[in-house]
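Report on the following structure.
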Amino acid sequence: MRCATLTAEQAHQQQFEELLERHRGIVFKVAGTYCRDPHERDDLAQDIAAQLWRAFSGFDDQRAFSTWMYRIALNTAISHLRDRTRRERHHEPLQEWHDLAAESGNPEDDARLRDLYRCIDRLDAFDRALLVLYLDERGQRDIAEILGISETNVATRIGRLKQRLRKEMER
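The numbering of the sequence shown is the numbering used here, which starts it at 490 and goes up by one.
Now the structure itself:
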């Protein structure tokens with residue numbers, strides 16, 4: 490008969506795995522925002538999961554796991570983007586996202602979606618993070634906590650970001 494009691498280490502690992510599974514959409518959302526290439530996206534998702542595991546011992550269970558997870562995931566993605574940029578040393582257009590999203594069948598909608606992704610590609614890493622959180626309908630307080638800025642700054646930056654995207658989409 491197997492012993493049903495888990496060691497503290499096994500319980501810690503099991504808790505992490507359950508939380509990661511419950512919130513795994515965050516990992517894929519962040520990885521998809523920062524990487525267009527499917528292989529690179531998968532690598533980044535694995536890096537995020539590994540970084541989450543390394544940092545899990547410092548997680549304060551009195552706080553929201555998703556907020557902590559976003560902070561770790563976005564910091565990992567931003568570091569990944571900076572490292573990739575350093576490696577490339579020159580700008581190469583990112584692969585279009587139409588392979589990431591299913592074609593709608595409406596060429597006009599597909600073209601607008603590709604235009605939107607091109608606009609997102611031109612955003613700096615911080616604005617991408619802000620956009621991911623905003624589109625995920627996170628509250629200003631959560632966004633401020635995750636990104637380490639004030640709620641007022643969040644509101645201002647979101648307003649400017651929306652204006653910028655609108656202008657770029659009109660071109």
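Cβ coordinates follow ideal geometry from the N, Cα and C atoms, glycine included. As the structure is a prediction and not an experimental result, all values here were calculated from the model.
No Cβ-Cβ contact shorter than 8 angstroms links ASP616 with LYS518. For ALA618 against ILE567, the beta-carbon gap comes to about 7 angstroms, under 8 angstroms, which counts as contact. Here the segment 554-570 lies against the segment 510-524, with 3 or more beta-carbon pairs under 8 angstroms apart. In this structure, THR522 keeps its C-beta atom at 8 angstroms or more from the C-beta atom of VAL643. One thing to note: LEU612 has its Cβ no nearer than 8 angstroms to the Cβ of HIS569. Across the structure, LEU509 and THR494 are spaced so that their CA atoms are roughly 22 angstroms apart. Across the structure, ILE647 and HIS528 are spaced so that their CA atoms are roughly 31 angstroms apart. Just so you know, the alpha carbons of ASP550 and GLU640 end up roughly 23 angstroms apart.
By the 16-neighbour rule on beta-carbons within 10 angstroms, ALA600 is exposed. Counted as a single uninterrupted DSSP element, the alpha helix (DSSP H) harbouring LEU508 occupies residues 497-511. When secondary structure is reduced to three states using DSSP, PHE548 falls in the coil class, being assigned neither helix nor strand. The shortest CA-to-CA distance from MET658 to any of ILE635, GLN535, ALA614, ARG603 is the one to ARG603. Going by C-alpha positions, ARG571 is about 25 angstroms away from THR645. Inter-residue distance for ASP536 and LYS656 is about 34 angstroms (C-alpha atoms, whole angstroms). Around the beta carbon of ALA539, a 10 Å sphere encloses fewer than 16 other beta carbons of the protein chains shown; the residue is thus reported as exposed.
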